[in-house]
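Take a look at the structure below.
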Amino acid sequence: KQEVTQIPAALSVPEGENLVLNCSFTDSAIYNLQWFRQDPGKGLTSLLLIQSSQREQTSGRLNASLDKSSGRSTLYIAASQPGDSATYLCAVEGPGANSKLTFGKGITLSVRP
Amino acid sequence: GAGVSQSPSNKVTEKGKDVELRCDPISGHTALYWYRQSLGQGLEFLIYFQGNSAPDKSGLPSDRFSAERTGGSVSTLTIQRTQQEDSAVYLCASSPPGGRNIQYFGAGTRLSVL
């Protein structure tokens, strides 16, 4: 059974700091890995999707890397801003044929002005 | 264009009552998923629909839970004889055809069972 872990559960940093959010998964037979953002009381917004054949994806100040063999991914946020405060969820698709996502419990990020 | 729409946004019900939660996926999306987000439990997969194929119900926690998808579009998640442990946010997602794609999520229905 696939398990996804995100540690720590919460993180507080001052504005402007570069930071790394970690995600690990137990079964490396994945199709892809996604990072989502969730604001309080809202749904999930997909930030980046990395296919299993890829090593990283970038979007603006965000960079996500994937090391499938070791079961790890990181989300790098450059020059953090108060607007980045949210919960960040990592999810993997696979193994298995049904495309379901297995999620970590998320990291709640607070960026202090 | 319109995203995934879920209704109601909030639902308060009494223990033992039945509830229906609705999901309107993005037009043209063939895959539809239901997930549950409980406090402290994270997001859990419930059920998956893909086109006209039989749904994958492997994540449904009990036989009180069922879902259907009519005409390959709108889906309804039904919880019968609700229990307090059913209180959670129920999220629906859809994705386009053509392989393993990004799943687009609705804002969810927050269910509170008193």
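Read top to bottom, the protein sequences are chains Z and H. Note that the numbering used here has the first sequence beginning at 2, numbered continuously upward. Note that the numbering used here has the second sequence beginning at 18, numbered continuously upward. The C-beta atom is built at its ideal place from N, Cα and C for all residues, glycine as well. None of the values given here were measured: they were computed from a predicted structure.
Run the CB neighbour count on residue i, radius 10 Å, all protein chains shown included, and call it buried at 16 or more, exposed below.
i, result
"K2(Z)", "exposed"
"A79(Z)", "exposed"
"G125(H)", "buried"
"G105(Z)", "buried"
"T6(Z)", "exposed"
"Q82(Z)", "exposed"
"S129(H)", "exposed"
"D73(H)", "buried"
"N19(Z)", "exposed"
"I8(Z)", "exposed"
"N33(Z)", "buried"
"I105(H)", "The sequence given here has Ala at residue 105(H), not Ile. A105(H) is buried by the Cβ-count criterion."
"A206(H)", "Nothing can be reported for residue 206(H): it is not among the residues displayed for chain H, which extend from 18 to 131."
"A71(H)", "exposed"
Report the residue from the options whose alpha carbon sits nearest the alpha carbon of residue i.
i, options, result
"R73(Z)", "D85(Z), E57(Z), S81(Z)", "E57(Z)"
"T88(Z)", "Q7(Z), L110(Z), L67(Z), Q55(Z)", "L110(Z)"
"F26(Z)", "K69(Z), N99(Z), Q82(Z)", "K69(Z)"
"S29(Z)", "P83(Z), G84(Z), G95(Z)", "G95(Z)"
"R62(Z)", "L50(Z), Y77(Z), L22(Z), I51(Z)", "Y77(Z)"
"L54(H)", "V91(H), K74(H), E102(H)", "Sequence check: residue 54(H) is Gln here, not Leu. The shortest C-alpha separation from Q54(H) is found at E102(H)."
"Q97(H)", "G68(H), G123(H), E31(H)", "E31(H)"
"P153(H)", "L38(H), H46(H), R127(H)", "Since the displayed chain H opens at 18 and closes at 131, residue 153(H) lies outside it and no answer follows."
"G20(H)", "L45(Z), S13(Z), A10(Z), E18(Z)", "L45(Z)"
"I64(H)", "A71(H), Y50(H), C40(H)", "Y50(H)"
"D41(H)", "G115(H), Q23(H), L94(H), A105(H)", "Q23(H)"
"P15(Z)", "T59(Z), S66(Z), G84(Z)", "G84(Z)"
"R39(H)", "G115(H), L131(H), A110(H)", "A110(H)"
"Q58(H)", "N99(Z), S100(Z), L90(Z), K101(Z)", "L90(Z)"
"D80(H)", "Q100(H), R86(H), P25(H)", "Q100(H)"
"I31(Z)", "G107(Z), L67(Z), P114(Z), I108(Z)", "L67(Z)"
"L50(Z)", "R38(Z), K43(Z), G42(Z)", "R38(Z)"
"T103(Z)", "G76(H), S83(H), R86(H)", "G76(H)"
"N23(Z)", "A65(Z), S100(Z), N99(Z), G42(Z)", "A65(Z)"
To the nearest whole angstrom, what separates the beta carbons of residue i and residue j, a pair I think is in contact under 8 Å?
i, j, result
"S71(Z)", "V112(Z)", "Going by Cβ atoms, the distance from S71(Z) to V112(Z) rounds to 28 Å, so no, they are not a contact pair."
"I43(H)", "Y121(H)", "6 Å"
"S92(H)", "F66(H)", "7 Å"
"A92(Z)", "Q55(Z)", "Not really, about 16 Å apart at Cβ, beyond 8 Å."
"G89(H)", "N69(H)", "7 Å"
"L131(H)", "V29(H)", "7 Å"
"L12(Z)", "I108(Z)", "6 Å"
"S53(Z)", "A48(H)", "Contact flag wrong, Cβ pair sits at about 18 Å."
Discussion item. Output needed in chain order: residues of the segment 36-54 of chain Z with a Cβ under 7 Å from some Cβ in chain H.
Written reply: Going along the segment 36-54 of chain Z in chain order, one finds K43, G44, L45, S47, L50 with a Cβ nearer than 7 Å to chain H.
Item to complete: Please go through the segment 48-79 of chain Z and give each complete beta strand (DSSP E) segment of 3 or more residues, from N-terminal end onward.
Response: 57-60, 63-68, 73-78
Worksheet item: Name the residues in the segment 11-26 of chain Z whose C-beta lies less than 8 Å from a C-beta of chain H; which are they?
Response: none
Discussion item. Tell me which residues of the segment 91-113 of chain H have at least one Cβ-Cβ distance to chain Z shorter than 7 Å, keeping chain order.
Written reply: L108
Worksheet item: Mind listing which residues of the segment 76-87 of chain H have their C-beta closer than 8 Å to chain Z's C-betas, in chain order?
Response: G76
Worksheet item: What residue ranges within the segment 78-118 of chain H form continuous beta strand (DSSP E) runs of no fewer than 3 residues, ordered along the chain?
Response: 82-86, 92-96, 105-112
Practice prompt. For the segment 18-38 of chain H, enumerate the residues whose C-beta is nearer than 7 Å to any C-beta of chain Z, in chain order.
Written response: none
Fill in: Any beta strand (DSSP E) of 3 or more consecutive residues that is wholly inside the segment 18-78 of chain H
22-24, 27-30, 36-41, 48-55, 59-67
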